Every structure is written in structure tokens, then in C-alpha cells.
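The block underneath contains the structure these notes are about, expressed in C-alpha cells.
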Amino acid sequence: MSLEAFNGAKLALLCADQILVYQRDDKPDIPWPGLWDLPGGGREDGETPERCALRELEEEFGLVLDESRLIWGRCYPPRQPGYLPSWLFAGVLSQADIAAIRFGDEGQDWRLMSVVDFLAHPQGVPHLQERLQHYLAERQKDGPAATGVS
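Numbering (this note's numbering), first residue to last: 490 to 639.
So, in C-alpha cells, the structure goes:
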């Protein structure tokens, strides 16, 4: 995958009609304090976007997934001038993956939330709700096996 500069990567990990989310810490010095977020975070040491997202997943949830588990990805332009692009990937979790979760020390809580509830949640990270809708629209258009990185 691309080694072009980017800020970070997030993961929309689905299990049936639910998505893996966590509630961010409620600290005034972090972005989106207290909101429901997707796994992922900032790039380290020249990582690819996929490696960044999967490393963050391991740090935050104790899950080790192979890049082959990522079925969709898109690079998004910076939301503010002077910032770098960021990525959103989608993948599918099994019940065994869910059982293996070991929540780390970032965030207050985690859960599987219905996709519908996350998209409408007033305490969801707004730009991630919007980006998840992009993936779901493409999946609907192309069928449940929609894959690809753009």
C-alpha cells in the first residue's frame, strides 16, 4: 500500500449488524473527548495505512488481524488545512475475534453497537459516522462481498 504521508487510520470492524466501537477518554486535551470512536489512531515510523490501523487495533483491543481481513479502504483528504490525509478501512470480525478482545488502557469502555445506532448516535465521532456511511453505500451498491481500496 501507499507510503505517502498520512495522519492515521481507523477501522470499521463489523460482526453481523454490529460495529466495534469504544468510548474515548473524557479528557479535555484530546480530540473528541468522551465520544464513541472506531479503533485506530496515528501513524508511527513510516507504517503503511493498513499496518497503522492493525497495530492500533492490537494496542487498543488486543486483537491481531492479518491485512487480508481488511475488505475495503479509502483515503480521505484532510479535514482542516495543514493536516494530512487519513484512512478508513473496513473488515469483518468473527465471534471468536470478539471473544478474544482484551480492552487496553485507552478509552473508557468498548462495545458492539448496532451500525444503525452508531450512525445516529449523538455522541459518535461525526466524520467517522459519515465515512462509515460511504463504506455501507458502496457495499450496498456492490453487494456484501464488496472489496477494494481507493
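A virtual CB, placed ideally from N, CA and C, is assigned to each residue, including glycine. These numbers come from a predicted model, not from an experiment.
Contact set for residue i: own chain, Cβ-Cβ below 7 Å, skip 5 residues either direction
i	result
residue 567	573, 574
residue 522	513, 514, 515, 516
residue 507	601, 602, 603, 604
Other residues of its chain near residue i: CB distance less than 6 Å, five sequence neighbours each side excluded
i	result
residue 591	551
residue 614	521, 524, 526
residue 498	529, 538, 541, 542, 576
residue 531	497
residue 564	574, 576
residue 631	none
Residue i in three-state terms, based on DSSP
i	result
residue 612	coil
residue 540	helix
residue 587	helix
residue 594	coil
residue 631	helix
Residue environment, residue i, which counts as buried when at least 16 other CB atoms sit within 10 Å
i	result
residue 600	exposed
residue 493	exposed
residue 580	buried
residue 553	exposed
residue 545	buried
residue 609	exposed
Cross-strand partners of residue i (DSSP beta bridge)
i	result
residue 578	500, 562
residue 507	504, 603
residue 512	525, 598
residue 531	497
Residues near residue i by beta carbon distance below 8 Å, same chain, minus five either side
i	result
residue 641	For the chain, the structure presents residues 490 to 639; residue 641 sits outside this window and is missing.
Integer-rounded CB distance, given that residue j should sit under 8 Å from residue i
i	j	result
residue 595	residue 533	Actually they are not in contact, since the Cβ atoms of residue 595 and residue 533 sit about 15 Å apart, beyond 8 Å.
residue 624	residue 505	Contact doesn't hold; Cβ gap of about 16 Å is too wide.
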